[in-house]
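Below: one structure, written as structure tokens.
Number of protein chains: 2
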Amino acid sequence: MRRTKEESEKTREDLLNAAVRIFSEKGVARSTLDEIAKAAGVTRGAVYWHFENKTQIFEALHERLHRPFVDMILEDLEKDHPEPMVQLRDLCIQIMLDIEKGKQRQQTLILFFMKSDYSGDLAPYKDKHREKKAESMRLFKRYIEKAKTAGKLNTQADPELLTQCISCFMKGTFLNIWITRKALILKTKRLN
Amino acid sequence: MRRTKEESEKTREDLLNAAVRIFSEKGVARSTLDEIAKAAGVTRGAVYWHFENKTQIFEALHERLHRPFVDMILEDLEKDHPEPMVQLRDLCIQIMLDIEKGKQRQQTLILFFMKSDYSGDLAPYKDKHREKKAESMRLFKRYIEKAKTAGKLNTQADPELLTQCISCFMKGTFLNIWITRKALILKTKRLN
DNA sequence: CATCATACATACATAAATGTATGGTTAAAC
DNA sequence: GTTTAACCATACATTTATGTATGTATGATG
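From first to last, the protein sequence lines are chains A and B. Numbering-wise (the numbering used here), the first sequence opens with residue 1 and increments by one. Numbering-wise (the numbering used here), the second sequence opens with residue 1001 and increments by one.
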């Protein structure tokens, strides 16, 4: 039954959504293409039509996750905020809340943070994903540099180190969310 | 060739060490018992003698990792330090340095932090390991409570929240170590 | 020193997932 | 209105890991 162009694109999306669920439940390595296909309401034939293999599904998921984040930060950086550090804080909170809301994105994020060991067939993608990660780290750094040039930050402050610390704290928080399975209540008190 | 009691225990250790290597390289799910056996210089026969299956090797590794940490903290908590928060800071640094040194333990830690998705056969152990984690979290909390009762901390400080934050930061740091593969230089300047 | 249980190695049976090849149906192109 | 090719289902061959069953040599035990 030959489907229309839009229906074809829908099955592709269905397959990706199903992959997130199955990958999250059983891990990437233990997930079979048959499970993913059945979860999407199709057969393995459809999978092999849209993707080369399981690894390519994995790669497609990463692209679908990373892109919106970068766009979000880039758009936010355009704004001319009087207090860049407050802006950065708000961005972090916004990211947290976004993840809290979107279950799909949340699952995908946890998938790449926690459930991807980048071993075996996935090993080649470790460097690629790391580079993408470094890219968003540089975006974060720009907030701090903005604050520093605006004289809003101690002159001895090291933007690189601060960026690392923020990244560490947020990653650790995600880790705790995953471990405790309790949503953290973000107390949004003002900084000063 | 029947081995002596000590030799048998050595092959068991060899198998565990090999399992850490193989698990770290290829991930738990993708690792085969044959690889582990060969890396330890034996055959799968030895594996099935010492362990029920791959899951039990996984469990044995977790026990071997967690125990020394708990013992270390418990011993440290006995000491009567004048500044509990400094003591806690020193402990954190000590833990970091310990992991930096011991490659074996480092690999095992990364294995459980990053490479274990606790899916499939491993799912039942998620709660068990989480409970062990909570146990060490309570130990950390005792440092802060010590500081509070000693009047060394702000009365409004919430030990639970502070413990969570410290845990988040350390976990995030480990995550970054794994991702950047660059050893963090711990700046051990005094706090005040 | 005869026996037994330990500590493995080897062999096989089973299952399960992958890749590919092939078949079929129908949108789309002309 | 054909023809083509996209889109997917079905069938099969191959591989690979697992579990188990069995073989075997030796340290331990009386």
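Quick reminder that beta carbons are idealized off the backbone N, C-alpha and C, glycines included.
C-alpha distance - residue i paired with residue j, whole-angstrom precision
| i | j | result |
| --- | --- | --- |
| residue 74 of chain A | residue 80 of chain A | 12 Å |
| residue 1158 of chain B | residue 151 of chain A | 32 Å |
| residue 1255 of chain B | residue 142 of chain A | No information on residue 1255 of chain B is available, as it lies outside the stretch 1001 to 1192 that chain B covers here. |
| residue 1121 of chain B | residue 28 of chain A | 14 Å |
| residue 1037 of chain B | residue 1050 of chain B | 11 Å |
| residue 35 of chain A | residue 112 of chain A | 20 Å |
| residue 130 of chain A | residue 1174 of chain B | 15 Å |
| residue 1017 of chain B | residue 1146 of chain B | 38 Å |
| residue 25 of chain A | residue 1127 of chain B | 15 Å |
| residue 78 of chain A | residue 164 of chain A | 22 Å |
| residue 57 of chain A | residue 1154 of chain B | 51 Å |
| residue 1052 of chain B | residue 1006 of chain B | 21 Å |
| residue 962 of chain B | residue 169 of chain A | Outside the displayed range of chain B (1001 to 1192) lies residue 962 of chain B, so it cannot be described from this structure. |
| residue 63 of chain A | residue 97 of chain A | 21 Å |
| residue 1139 of chain B | residue 1059 of chain B | 23 Å |
| residue 1156 of chain B | residue 1144 of chain B | 12 Å |
| residue 1010 of chain B | residue 1084 of chain B | 41 Å |
| residue 1161 of chain B | residue 94 of chain A | 21 Å |
| residue 1191 of chain B | residue 1086 of chain B | Low per-residue confidence applies at residue 1191 of chain B: pLDDT is 34, beneath 50, and the placement is therefore not dependable, though the value from the model is reported in the following sentence. If I take the Cα positions, the gap works out to 8 Å. |
| residue 1004 of chain B | residue 1055 of chain B | 26 Å |
| residue 1189 of chain B | residue 1090 of chain B | Model confidence at residue 1189 of chain B stands at a pLDDT of 34, short of 50, so the residue's coordinates are unreliable; what they give is reported in the following sentence. Rounded to whole angstroms, residue 1189 of chain B to residue 1090 of chain B spans 11 Å at the Cα level. |
| residue 1107 of chain B | residue 82 of chain A | 45 Å |
| residue 39 of chain A | residue 1072 of chain B | 47 Å |
| residue 181 of chain A | residue 1101 of chain B | Low per-residue confidence applies at residue 181 of chain A: pLDDT is 49, beneath 50, and the placement is therefore not dependable, though the value from the model is reported in the following sentence. Distance between the alpha carbons of residue 181 of chain A and residue 1101 of chain B: 32 Å. |
| residue 1092 of chain B | residue 1134 of chain B | 17 Å |
| residue 1185 of chain B | residue 1177 of chain B | At residue 1185 of chain B the pLDDT is 38, less than 50, meaning the model places this residue with poor confidence; the figure from the coordinates comes in the next sentence. Each residue's alpha carbon lies about 11 Å from the other. |
| residue 187 of chain A | residue 1022 of chain B | Caution is warranted here: a pLDDT of 37 is assigned to residue 187 of chain A, below 50, making its placement in the model unreliable, and the coordinate value is therefore given only provisionally. Their Cα atoms are separated by approximately 42 Å. |
| residue 118 of chain A | residue 1118 of chain B | 15 Å |
Endpoints, the alpha helix (DSSP H) within which residue i is located
| i | result |
| --- | --- |
| residue 126 of chain A | 124 to 149 |
| residue 12 of chain A | 5 to 26 |
| residue 1037 of chain B | 1033 to 1039 |
| residue 1156 of chain B | From DSSP, residue 1156 of chain B is part of no alpha helix (DSSP H); its letter is neither H nor E. |
| residue 1081 of chain B | Premise fails: residue 1081 of chain B is in no alpha helix (DSSP H) and is neither H nor E. |
| residue 47 of chain A | 44 to 50 |
Contact belief for residue i with residue j at Cβ below 8 Å, rounded distance in angstroms
| i | j | result |
| --- | --- | --- |
| residue 33 of chain A | residue 44 of chain A | 5 Å |
| residue 104 of chain A | residue 47 of chain A | With 8 Å as the limit, residue 104 of chain A and residue 47 of chain A do not qualify as a contact, their Cβ atoms being about 19 Å apart. |
| residue 8 of chain A | residue 69 of chain A | Not really, about 27 Å apart at Cβ, beyond 8 Å. |
| residue 1041 of chain B | residue 1014 of chain B | 7 Å |
| residue 99 of chain A | residue 109 of chain A | 6 Å |
| residue 1031 of chain B | residue 172 of chain A | Contact flag wrong, Cβ pair sits at about 27 Å. |
| residue 1066 of chain B | residue 1132 of chain B | 5 Å |
Any non-hydrogen atom of the ligand HEM closer than 8 Å to residue i Cβ
| i | result |
| --- | --- |
| residue 1171 of chain B | Absence of the ligand HEM is noted for the structure shown, with no ligands found whatsoever. |
### Query
Can you list the beta strand (DSSP E) stretches of 3 or more residues lying completely in the region 1090 to 1120 of chain B, in chain order?
none
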